[in-house]
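Numbering (my numbering), first residue to last: 59 to 293. Even glycine gets a Cβ: it sits at the ideal position worked out from N, Cα and C. First up is the structure itself, then whatever we jot down about it.
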Amino acid sequence: MSHAPSIDPHRAKTIVRHGWDHVSELYRPPNTSKDAFGHDFEDHREWLEPLLKAVPRGSEVLDLGCGCGIPDARLLTDRFRVTGVDISDVQIDRARRLVPGARFVRADMTEVIFSDDSFGAVLCLYALIHVPTEEQRPLLRRIHRWLVPGGLFLVITGTNAWSGVEDNWLGSNVEMFWSHPDAATFEGWLRETGFAVRKRLFIPEGSSGHTLFLVAKPAVALPGEMGGGHRRTSE
Ligand SMILES: C[S@@+](CC[C@H](N)C(=O)[O-])C[C@H]1O[C@@H](n2cnc3c(N)ncnc32)[C@H](O)[C@@H]1O
Numbered sequence: 059m060s061h062a063p064s065i066d067p068h069r070a071k072t073i074v075r076h077g078w079d080h081v082s083e084l085y086r087p088p089n090t091s092k093d094a095f096g097h098d099f100e101d102h103r104e105w106l107e108p109l110l111k112a113v114p115r116g117s118e119v120l121d122l123g124c125g126c127g128i129p130d131a132r133l134l135t136d137r138f139r140v141t142g143v144d145i146s147d148v149q150i151d152r153a154r155r156l157v158p159g160a161r162f163v164r165a166d167m168t169e170v171i172f173s174d175d176s177f178g179a180v181l182c183l184y185a186l187i188h189v190p191t192e193e194q195r196p197l198l199r200r201i202h203r204w205l206v207p208g209g210l211f212l213v214i215t216g217t218n219a220w221s222g223v224e225d226n227w228l229g230s231n232v233e234m235f236w237s238h239p240d241a242a243t244f245e246g247w248l249r250e251t252g253f254a255v256r257k258r259l260f261i262p263e264g265s266s267g268h269t270l271f272l273v274a275k276p277a278v279a280l281p282g283e284m285g286g287g288h289r290r291t292s293e
């Protein structure tokens with residue numbers, strides 16, 4: 059494992075894209091309910107519950123870094139019109155086969171374009187942690203714009219700051235890249251973007267863990283709030 063905070067973003071994305079092409083089935087094997095780290099469908103159902111309860115049926119929902127579509131896109135398609143975005147061709151091919159009721163786009167989440175005020179909810183579970191840290195705040199501003207007023211954003215990010223490349227990830231002979239600030243810094247970024255924090259939850263994993271945030275785009279923009287209402291923010 060190497061600490062590489064200054065890795066070229068283009069190289070980082072290439073590592074992530076090829077890495078996920080290789081480990082898609084190792085991470086989420088076919089016909090099992092657990093991923094390689096032991097999180098099962100019930101964990102995801104619990105994390106998604108606020109969206110399933112609060113977002114109006116039939117809303118557009120965006121899953122950034124959707125992986126193979128299991129379990130999140132599948133859990134959401136009964137109720138919502140789901141669009142999944144993933145950088146890995148293999149993940150998107152699997153998702154299209156496994157969740158035919160959703161729409162999937164192979165793209166880098168930092169480059170994909172959507173209209174303002176078009177999603178009732180956006181989720182990004184265990185995926186923003188693969189986006190170079192310096193690209194995360196501009197992406198948060200875009201997510202804020204894509205959400206309808208009152209829309210929800212659910213994200214699982216890191217807990218401690220770390221950027222770097224790991225060799226032989228999941229024993230697969232491929233590299234993987236991660237990049238994330240600590241959870242307090244990330245919460246500050248969410249607030250400065252204009253999100254209201256509804257929930258913060260530590261999710262343990264081995265000797266460390268991740269942090270889940272559920273945040274809302276306020277229905278009415280308050281004076282001085284960035285990105286609120288229909289105002290556009292600069293990136
Ligand atoms: C750990 S998997 C999580 C998959 C799914 N969200 C879940 O929770 O099971 C991370 C996913 O993020 C995708 N990803 C990483 N960087 C991305 C980027 N810049 N744009 C789109 N997808 C990305 C990877 O290809 C991978 O499928």
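Residue 102: buried (16+ other C-beta within 10 angstroms of its C-beta) or exposed?
-> Translated into positions along the sequence shown, residue 102 becomes position 44. It counts as buried.
For residue 238 versus residue 215, is the C-beta spacing smaller than 7 Å?
-> Start at 1 with the first residue of the sequence shown, and residue 238 comes out as number 180. Start at 1 with the first residue of the sequence shown, and residue 215 comes out as number 157. Cβ atoms of residue 238 and residue 215: closer than 7 Å.
Can you tell me where the alpha helix (DSSP H) with residue 196 in it begins and where it stops?
-> Translated into positions along the sequence shown, residue 196 becomes position 138. From DSSP, the alpha helix (DSSP H) with residue 196 extends over 194-204.
Residue 227 CB to nearest heavy atom of ligand 1 below 6 Å | Mapped onto the sequence shown, residue 227 falls at position 169. False, no ligand heavy atom lies under 6 Å from that Cβ.
Figure out for me which residue from 231, 164, 184 and 220 has the closest Cα to the Cα of residue 95.
-> For the purposes of this step, residue 95 is taken as residue 37 along the sequence shown, with counting starting at 1. It is 184 whose Cα lies nearest to the Cα of residue 95.
As assigned by DSSP and simplified to three states, the class of residue 77 | Along the sequence shown, one-based indexing puts residue 77 at 19. Three-state result, residue 77: helix.
Shortest alpha-carbon distance to residue 138 belongs to which of 261, 120 and 220?
-> As a working note, residue 138 is residue 80 in the sequence shown. Cα-wise, what sits closest to residue 138 is 120.
Pairing CB atoms from the region 195-207 with CB atoms from the region 150-157, are three or more of them under 8 Å?
-> no
Hey, how far is the Cα of residue 232 from the Cα of residue 78?
-> The sequence position of residue 232 within the sequence shown is 174, counting from 1. The sequence position of residue 78 within the sequence shown is 20, counting from 1. Straight-line Cα distance between these residues: approximately 9 Å.
CB-CB length for residue 204 against residue 244, believed under 8 Å = Residue mapping note: residue 204 aligns to position 146 of the sequence shown, counting from 1. Residue mapping note: residue 244 aligns to position 186 of the sequence shown, counting from 1. Their Cβ separation, rounded to whole angstroms, is 19 Å, which puts residue 204 and residue 244 out of contact at 8 Å.
Rounded to whole angstroms, how far is the Cβ of residue 146 from the Cβ of residue 82, which I believe are closer than 8 Å?
-> Position 88 of the sequence shown, counted from the first residue, corresponds to residue 146. Position 24 of the sequence shown, counted from the first residue, corresponds to residue 82. Confirmed, about 7 Å.
Option nearest residue 261 by Cα separation, candidates 255, 254 and 270 | Within the sequence shown, residue 261 is the residue found at index 203, counting from 1. Nearest option by C-alpha distance: 270.
Alpha-carbon spacing of residue 292 relative to residue 141, whole angstroms | Position 234 of the sequence shown, counted from the start, is the residue given in the question as residue 292. Position 83 of the sequence shown, counted from the start, is the residue given in the question as residue 141. Note that residue 292 has pLDDT 32, beneath the 50 cutoff, so the model's placement of it is unreliable and no number is given.
Report yes if the C-beta distance between residue 126 and residue 86 is below 7 Å; otherwise report no.
-> Position 68 of the sequence shown, counting from 1, holds the residue named residue 126. Position 28 of the sequence shown, counting from 1, holds the residue named residue 86. Cβ distance < 7 Å, so residue 126 and residue 86 count as in contact.
Within 7 Å, strictly: CB atoms of residue 181 and residue 212 | Position 123 of the sequence shown, counted from the first residue, corresponds to residue 181. Position 154 of the sequence shown, counted from the first residue, corresponds to residue 212. Yes, Cβ-Cβ distance for residue 181 and residue 212 is below 7 Å.
Excluding five sequence neighbours on each side, which residues of the same chain lie with their C-beta closer than 7 Å to the C-beta of residue 304?
-> Outside the modelled stretch of the chain, which goes from 59 to 293, sits residue 304, for which no answer is possible.
Should residue 169 go down as buried or exposed, given a rule of 16 or more other Cβ atoms within 10 Å for buried?
-> Stepping through the sequence shown from its first residue, residue 169 is reached at position 111. Looking at its Cβ environment, which holds fewer than 16 other Cβ atoms inside 10 Å, residue 169 is exposed.
Beta carbon of residue 67 nearer than 7 Å to that of residue 99 = The sequence position of residue 67 within the sequence shown is 9, counting from 1. The sequence position of residue 99 within the sequence shown is 41, counting from 1. Cβ atoms of residue 67 and residue 99: not closer than 7 Å.
Going straight from the alpha carbon of residue 217 to that of residue 89, what length do you get?
-> As a position in the sequence shown, residue 217 is number 159, starting the count at 1. As a position in the sequence shown, residue 89 is number 31, starting the count at 1. Taking the straight line from one Cα to the other gives about 30 Å.
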